[in-house]
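Visitor: Residues 1441 to 1533 (our numbering) make up the sequence shown, in order.
Could you have a look at this structure, given as structure tokens, before my questions?
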Amino acid sequence: MERLVERDRPSLEFSLDGAPATAREGDTILTAVLTLRRHLAEPRLGDGPRAGFCLMGACQECWVGVDGLPVRACGTLISAGMRVATDRRSPSG
Ligand code: FES
């Protein structure tokens, strides 16, 4: 995903799978992650990495862990210091 508009929004720092990462204020977690790489998460079942599908909270394809709690990445705004875990094969992800 490439950011085409609103490139001047303030940036913030968060943690993505334990590594430092940068997003823009107002990004959802899904937007923040997909501007950094081509997929959101590895699935618990099935094959192939996932990137979300509906982008509106209906498909359930975008669950990630945030500070140890499950959230939908498409409906959750990123915030400074947030710890996002995307490996859903692990108990904390
Ligand atoms: S992308 Fe469908 S619920 Fe988030």
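The beta-carbon is built from N, C-alpha and C at its ideal position, and this holds for glycine as well.
Do Met-1496 and Gly-1466 have their CB atoms nearer than 9 Å?
Guide: Numbered from its first residue, the sequence shown carries residue 1496 at position 56. Numbered from its first residue, the sequence shown carries residue 1466 at position 26. Not a contact, by the Cβ cut-off of 9 Å.
Visitor: Please list, in chain order, all residues of the same chain as Leu-1456 whose beta carbon is under 6 Å from its beta carbon, the five residues on each side excluded.
Guide: Numbered from its first residue, the sequence shown carries residue 1456 at position 16. The residues are Val-1524.
Visitor: Give me the residue from Phe-1493, Asp-1527, Ala-1520, Pro-1450 with the minimum Cα distance to Arg-1505.
Guide: Counting from one through the sequence shown, the residue named residue 1505 turns up at place 65. Reading off the sequence shown, one finds Gly at residue 1505, where the question assumed Arg. Checked all of Phe-1493, Asp-1527, Ala-1520, Pro-1450; the closest Cα to Gly-1505 is Asp-1527.
Visitor: In three-state DSSP terms, what is Thr-1475?
Guide: As a working mapping, residue 1475 is identified with position 35 in the sequence shown. The answer is coil: DSSP assigns Thr-1475 none of H, G, I, E or B.
Visitor: Kindly indicate the opening and closing residues of the beta strand (DSSP E) around Gly-1505.
Guide: Along the sequence shown, read from residue 1 onward, the residue named residue 1505 stands at position 65. 1503 to 1506 is the extent of the beta strand (DSSP E) around Gly-1505.
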